[in-house]
Amino acid sequence: MPVSVEPQRNLLEALVRGARLKCPACGTGQLFRAYLKVVDNCPDCHEALHHHRADDAPPYMTIVIVGHVIVAGVLLLEQTLAPPQWLHMALWLPLTVVLSLVLLPRIKGSIVGLQWANRMHGFGSYPDPDDSQDILAHHDRNAHPM
Numbered sequence: 025m026p027v028s029v030e031p032q033r034n035l036l037e038a039l040v041r042g043a044r045l046k047c048p049a050c051g052t053g054q055l056f057r058a059y060l061k062v063v064d065n066c067p068d069c070h071e072a073l074h075h076h077r078a079d080d081a082p083p084y085m086t087i088v089i090v091g092h093v094i095v096a097g098v099l100l101l102e103q104t105l106a107p108p109q110w111l112h113m114a115l116w117l118p119l120t121v122v123l124s125l126v127l128l129p130r131i132k133g134s135i136v137g138l139q140w141a142n143r144m145h146g147f148g149s150y151p152d153p154d155d156s157q158d159i160l161a162h163h164d165r166n167a168h169p170m
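Structure representation (structure tokens):
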């Protein structure tokens, strides 16, 4: 397989565009057709986005970020004001849900942008090594018997 000489894509720009829920390629098209469903192709620049594999990383990252923010807030509030338990529940439970729902699509968008910028999972011109089984299966189907 020849060495890829494709131009480098701007990683920071792709991450920011993804976090803004926009296409990592053009920055104008919508990245999602539903809450967490990535469009197959950008409606503006027609970049294929169906290659993404942002499955498990966004929820894990969201849990880590929200967990750190909430735990720090709970500890700080408890140490400074020592409010009653009901106030903790009334404040931190809704904040946890809202933060999670707001951050999850933005983190997923950033992961899609990361994969696009690094030409991972089919975002480049050449198939990924992960797809070698698909390539072999296609080759076997098209092979002529001797």
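Throughout, my numbering is defined as the position within the sequence shown, counted from one, plus 24. C-beta: ideal position from N, C-alpha, C; glycine also.
**Prompt:** For the alpha helix (DSSP H) that contains Met85, what are its first and last residues?
**Reply:** Met85 -> alpha helix (DSSP H) spans 81-104.
**Asked** At what residues does the alpha helix (DSSP H) containing Gln139 begin and finish?
**Response** Segment 109-141, the alpha helix (DSSP H) holding Gln139.
**Asked** Three or more beta-carbon pairs under 8 Å between the stretch 53-60 and the stretch 96-114, yes or no?
**Response** By the Cβ rule, the stretch 53-60 does not count as touching the stretch 96-114, because fewer than three pairs are nearer than 8 Å.
**Item:** Distance between Ile131 and Asp68 (C-alpha atoms, nearest Å)
**Value:** Cα to Cα, Asp68 sits roughly 22 Å from Ile131.
**Prompt:** Pairing CB atoms from the stretch 29-41 with CB atoms from the stretch 128-144, are three or more of them under 8 Å?
**Reply:** The stretch 29-41, when compared against the stretch 128-144, does touch it at the 8 Å Cβ threshold.
**Request:** Could you name the residues that DSSP lists as bridge partners for Gln54?
**Result:** Lys46.
**Item:** For Trp116 and Ala49, the rounded distance between their alpha carbons
**Value:** If I take the Cα positions, the gap works out to 37 Å.
**Request:** Within 10 angstroms of the Cβ of His76, are there 16 or more other Cβ atoms? Answer buried if so, exposed if not.
**Result:** The residue in question, His76, is buried, as its Cβ has 16 or more Cβ neighbours within 10 Å.
**Item:** Leu125 versus Ile89, Ala78, Glu30, residue with shortest Cα-Cα distance
**Value:** The shortest C-alpha to C-alpha distance from Leu125 to any of Ile89, Ala78, Glu30 is the one to Ile89.
**Message:** If distances are taken between C-alpha atoms only, which option among Gly146, Trp110, Thr86 comes closest to Val121?
**Reply:** Considering only Gly146, Trp110, Thr86, the residue with the shortest C-alpha distance to Val121 is Thr86.
**Request:** Identify which residue in Asn142, Gly53, Val62 has its Cα closest to the Cα of His70.
**Result:** In this structure, Gly53 is the residue among Asn142, Gly53, Val62 with its C-alpha nearest to the C-alpha of His70.
**C-alpha distance - Leu101 paired with Leu123, whole-angstrom precision** = In this structure, the CA atom of Leu101 is about 18 Å from the CA atom of Leu123.
**Request:** Return helix, strand or coil for Ala78, following the three-state DSSP convention.
**Result:** DSSP places Ala78 in coil when its eight states are reduced to three.
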